[in-house]
Amino acid sequence: MPSRRGWLEHLCRLLRLAILFASRRRDDLLPAIQLTAQDEQLTLILPGNWLDEHPLGREMVDQECQWQSYVHWILRVASGDTLK
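Quick note: to get my numbering, add 52 to the position in the sequence shown (first position is 1).
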C-alpha cells in the first residue's frame, strides 16, 4: 500500500491531467480518455487521431510529459497503436 505521500503524489498527477483537459473549456473538444497505472507509470490513452487533429492539445500533453519527467514520474501517451 502506498504511503500517504505516495497517495498525494498520485492525486497531484491526476489533478494536473484533469486541469490540462478541463482548460479546453468546450465539451466538444474533450476527448474520451482512458488512464492506466502500473507502479509509478501512468499511460494516457487518447482516441485515434486526436493528437494529430489537436496540435495545441498535443503540445500541452507533450509538455506535461516533460514536466512530470522532471520529478521522475513516467507519463506515457498512447494514441491508437502508437505509444510515446
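Quick reminder that beta carbons are idealized off the backbone N, C-alpha and C, glycines included.
In this text the structure is predicted, and so the values were computed from the model without any measurement.
Compute the beta-carbon to beta-carbon distance between L94 and L127, rounded to the nearest angstrom, for a pair I have assumed lies under 8 angstroms. Your numbering for residue 94 matches position 42 in the sequence shown. Your numbering for residue 127 matches position 75 in the sequence shown. So it is a contact: roughly 5 angstroms between Cβ atoms.
When the Cα atoms are used, what is the spatial distance from H62 to A74? Counting from 1 along the sequence shown, the entry for residue 62 is found at position 10. Counting from 1 along the sequence shown, the entry for residue 74 is found at position 22. The alpha-carbon atoms of H62 and A74 are separated by roughly 18 angstroms.
Residue(s) in a DSSP beta bridge with I126: Taking the sequence shown and counting its residues from 1, one reaches residue 126 at position 74. Beta-bridge pairing links I126 to Q93.
Can you tell me where the alpha helix (DSSP H) with I71 in it begins and where it stops? Residue numbering aside, residue 71 sits at position 19 when the sequence shown is read from its first letter. Residues R56 to A74.
Three-way DSSP call (helix, strand, coil) for L82 in this model: Walking along the sequence shown from the start, residue 82 turns up at place 30. L82: coil per DSSP, three-state reduction.
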